[in-house]
Amino acid sequence: MQLDTKEKLREKTVFSPTPSLNRRPHHYCAGCGHGIVHRLLAELIDELGIPQKTVLIAPVGCGVLAFFYINVDGCEAAHGRVPAVATGLKRVNPENIVIAYQGDGDLLAIGTAETIHTANRGENITVVFINNALYGMTGGQMAPTSLVGQKTKTSPYGRSAAEAGYPIRACELIDTLEAPVFIERTSVHSVKHIIRTKKALKKGLKNQMENRGYSFIEVLSMCPTGWGMKPVSATEWIEKQMVPYYPLGNFRDR
Amino acid sequence: MALGKPIIDISLCKGCELCVHACPQKVLSMSAESNEQGVPYACFDDSDNCTACTFCALICPEYAINVIKYEGVRT
Amino acid sequence: MKGNEALAEAAVIAGCRYFFGYPITPQNEVPAYFAMRLPQVGGTFIQAESEIAAINMVFGAAAAGARVMTSSSSPGISLKQEGISYMAGAELPAVVVNMMRGGPGLGNIAGSQADYFQATKGGGHGDYRLIVLAPNSVQELADLTVLAFDLADRYRMICMILGDGFLGQMSEPLVLPEPTGLKFDKSEWILDGAKGRKPHIVRSLRLRPEDALEKLNLKLQEKYREIMQHETRSEEYNTADAEYLLVGFGISSRLLKSAVQALKSQGVKAGLFRPITLWPFPSRELAACAQGKKKVLVVEMNAGQMVEDVRLAVNGSVPVDFLGRMGGMTPEIESITERIKSYAA
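Residue numbers (our numbering), protein chains in the order written: chain A, 23 to 276; chain B, 25 to 99; chain C, 727 to 1071.
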């Protein structure tokens, strides 16, 4: 068939920001994974048709203003208490889709009890854990997820296992509990992994929509500013340093 | 003939370079000048090599990239 | 009914269908009663992993628009302070019950009144207030619980029931209160999904210049002024021709009533002023009542907390004395009557 060179080319948009995403410029650093995960959540909220049902609970951390960037009902929570607030919200309005969005300190330091017990009760919510191996908002301190040897503001000589213990693997911890129905660790350091992250988040949201129980998605994420490197190097740091300790993949899918 | 092109809102670009790195066709690069945020921004080279794979848009943390696909193009 | 159980039943009568709490003596009957009762009325009881988790579950449930309660005792209320401050900033309504015990620290499990400061002067951080109600009987525990839910919803804030271990454990006859039937429209702010409306955000964080934190604080202070104007509650007993005025709240006031009667039989004219709202403190009413009295004696089961507000209220017009016992000990009526009689000497 001959190519008709006079045929007018029509332009079709194959990628544009989804309606639930607020297009205001956000405060995250260049190359930060939060922006990517926010977009994935907003896309899923629109694809699954739940913008009028979703309540997003923001943590204390860089993500504290998350509900300014996604056009759904938003709720604040005290540091570490997102799962407790989620429990209260979901028990009162079970038809809402409650997304518990948390960082390292929120989920694994101050909020460890809430994390474990909310998972253990099998609350019908979706927990999104952004693991960037440090405390971003407060300037880059060591987190329960910081790697041994990692230099941070509060481990200037590198994390010492003898002093500070070993990094905690959240998915494996939650996997010891009976109730959770979906546990997966993904990453946003490359397009391939971003696509997998979206699939995992989708399962977590669908589980909630179908009243199947508690879903937990841990997302390894870049923190170029905190790690003291450029964004592209940060993606390599995830690949070479984080993934070996925090293996990607599905732990549970009931 | 190009299959598509990225439309980059350079005012939103924070110069992270993730799109440049992610593009399999290597049609993106960083500008020499700075945008209103004071950083170099991602630019499309206007070549025919864009396949509208949307990798750049998928990895952009700033929602700065839309992707256009040309319809009526035959390979 | 036992005090702890009466207040729980009264909460259910008031329409409370959500309770989150943690065991701590002397209020354990409260969660146990809710655990039994709420499933009967289609409500939800959760024994939370801590008092901190409980107050944050309350935050979520209140944000979702429900009438919700949590209960604890002194050390557990200390744990809840951050959550209470957050709820003040986010203007979320709820009822928090403190059945006080001896402190500070782990203390003991006897009733006490040593959390007055914590309840009325802060406890949590920042410029905020709680409405604080101090019942002195099982009947009043029930009645004030029903009132507390209405006050909390009307003013979008926490209303605290400040009881103590004795009240909680006491069994007295009571008539269960009726629901007031008052309804408060929460549709403008609750998180029930943005159907056909703009998204609501529930938060106390105000980082940006255009929603400056001071603006929020001015709004809260205006609210508190309105409450101080309209919501004081107090009771007087035998004060009309009294020469001496006894002031006490909660369980102390029961002793003081007996002291007034004892003094009367001994020819001493004493009266009792009992604040029922500890915040807003009934300063106007107390000042008026104290006028012309020879002396005021404040009796508390603490080292002297409400006495400071009494002194502020009378503002030097009458001398104010204090008698207190600490660590869960109750003042003896004879020590009160002897102190009053010593003023005449």
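C-beta atoms are modelled at their ideal positions from N, C-alpha and C, and glycine is treated no differently.
These numbers come from a predicted model, not from an experiment.
In this structure, does DSSP put A/Gln24 in helix, strand or coil?
Bear in mind that a pLDDT of 47 at A/Gln24, under 50, signals an unreliable position, so the model cannot answer this.
Using beta-carbon positions only, say whether A/Ile79 and A/Ile132 come within less than 9 Å of one another.
no
So, does the CB of B/Lys50 fall closer than 9 Å to a CB anywhere in chain A?
no
Straight-line Cα distance separating C/Leu942 from A/Glu194:
43 Å
Of all the residues that make up the stretch 94-109 of chain A, which are near chain C by a beta-carbon distance shorter than 7 Å?
Val94, Asp95, Gly96, Cys97, Glu98, Ala99, Ala100, Arg103, Ala106, Val107, Ala108, Thr109
Cβ distance (whole Å) where C/Gln895 is taken to contact C/Glu1026 below 8 Å
C/Glu1026 and C/Gln895 do not touch by the CB rule: their CB atoms are close to 20 Å apart, not below 8 Å.
Near-chain A residues of the stretch 772-786 of chain C - C-beta to any C-beta below 9 Å:
Ile772, Ala774, Glu775, Ser776, Ile778, Ala779, Ala780, Ile781, Asn782, Met783, Val784, Phe785, Gly786
Excluding sequence positions up to five away, which residues of its chain have a Cβ less than 7 Å from the Cβ of C/Tyr812?
Excluding residues within five positions, the ones whose Cβ falls inside 7 Å are Phe785, Ser930.
For a test of the three-state rule: what should DSSP assign to A/Thr176, helix, strand or coil?
coil
Which residue wins for smallest C-alpha separation from C/Ile1073, given the options A/Gly53, A/Pro47, A/Cys97, A/Ala88?
Only positions 727 to 1071 of chain C appear in the structure, and residue 1073 of chain C is not among them; the question remains open.
Please find out if some non-hydrogen atom of the ligand PLP comes closer than 8 Å to the beta-carbon of C/Leu998.
Of the ligands one can find in the structure shown there are none, so the ligand PLP has no counterpart to examine.
Is it right to say C/Ala1029 is buried, meaning 16 or more other beta carbons lie within 10 angstroms of its own, or is it exposed?
exposed
Does the Cβ-Cβ distance between A/Ser255 and B/Ile83 come in under 9 Å?
no
Would you call the CB atoms of B/Lys38 and A/Gly53 closer than 9 Å?
Yes, the pair counts as a contact, with Cβ atoms nearer than the cut-off.
Return no unless some Cβ of chain B is closer than 9 Å to the Cβ of A/Ile260.
No, because no Cβ of chain B sits closer than 9 Å to the Cβ of A/Ile260.
Against chain C, with Cβ distances strictly below 9 Å, would A/Val241 count as a contact?
A/Val241 does not count as touching chain C.
Keeping to the same chain, check which residues put their C-beta closer than 8 Å to that of A/Arg46; ignore five residues upstream and five downstream.
Phe90, Tyr91.
If distances are taken between C-alpha atoms only, which option among C/Ile835, C/Ala814, C/Ala868 comes closest to C/Leu939?
C/Ala814
Report buried or exposed for C/Met883, applying the criterion of at least 16 other Cβ atoms within 10 angstroms of its Cβ.
Burial of C/Met883 is indicated by the presence of at least 16 other C-beta atoms within 10 angstroms of its C-beta.
Given 8 Å as the limit, is there contact between the stretch 951-971 of chain C and the stretch 992-1001 of chain C, that is, 3 or more CB pairs closer than that?
yes
Looking at the C-beta of B/Ile32, does it have a partner C-beta in chain E at a distance below 9 Å?
The structure shown contains no chain E; its protein chains are A, B and C.
Please confirm whether C/Leu931 has its beta-carbon closer than 9 Å to some beta-carbon of chain A.
Yes, C/Leu931 counts as interfacial toward chain A.
Kindly identify the DSSP beta-bridge partner or partners of B/Tyr94.
A/Glu33
Just to confirm, is the Cβ distance from C/Val822 to C/Ile835 under 9 Å?
no
Using a C-beta to C-beta distance shorter than 9 Å, which residues of chain B count as neighbours of A/Leu43?
Tyr87
Can you give the Cα-Cα distance for C/Arg923 and C/Asp911, rounded to whole angstroms?
16 Å
Starting from the C-beta of A/Tyr157, find all residues in its chain whose C-beta is less than 6 Å away, skip the five residues before and the five after it, and write them out in chain order.
Gly127, Gln163, Ala165
Let me know the alpha helix (DSSP H) ranges lying completely inside the stretch 112-159 of chain A, each 4 residues or longer, listed in chain order.
For the alpha helix (DSSP H) assignment, the uninterrupted runs of no fewer than 4 residues enclosed by the stretch 112-159 of chain A are, from N- to C-terminal side, 126-130, 134-143.
Inspect the CB distances between the stretch 1006-1021 of chain C and the stretch 962-973 of chain C and report whether three or more fall short of 8 Å.
Yes, the stretch 1006-1021 of chain C is in contact with the stretch 962-973 of chain C.
Between A/Pro41, A/Asn154, A/Val107, which has its C-alpha nearest A/Cys84's C-alpha?
A/Asn154
Residues of the stretch 786-817 of chain C whose Cβ lies closer than 8 Å to any Cβ of chain A, in chain order
Gly786, Ala787, Ala788, Ala789, Ala790, Gly791, Ala792, Val794, Glu808, Gly809, Tyr812, Ala816
Shorter than 9 Å from the beta carbon of B/Cys74 to some beta carbon of chain A?
no
Under the DSSP definition of a beta bridge, which residues are partnered with C/Lys945?
Note: C/Lys945 sits in no beta bridge, so no partner.
Grab the span of the alpha helix (DSSP H) containing C/Arg793 for me, first residue to last.
Careful: C/Arg793 lies outside any alpha helix (DSSP H) and carries neither H nor E.
Stretch-stretch touch, CB-based, cutoff 8 Å, three pairs: the stretch 75-82 of chain B with the stretch 728-747 of chain C
By the Cβ criterion, the stretch 75-82 of chain B is not in contact with the stretch 728-747 of chain C, since fewer than three pairs of Cβ atoms, one from each stretch, lie closer than 8 Å.
What does the alpha-carbon distance come out to for the pair A/Lys221 and A/Asn115?
26 Å
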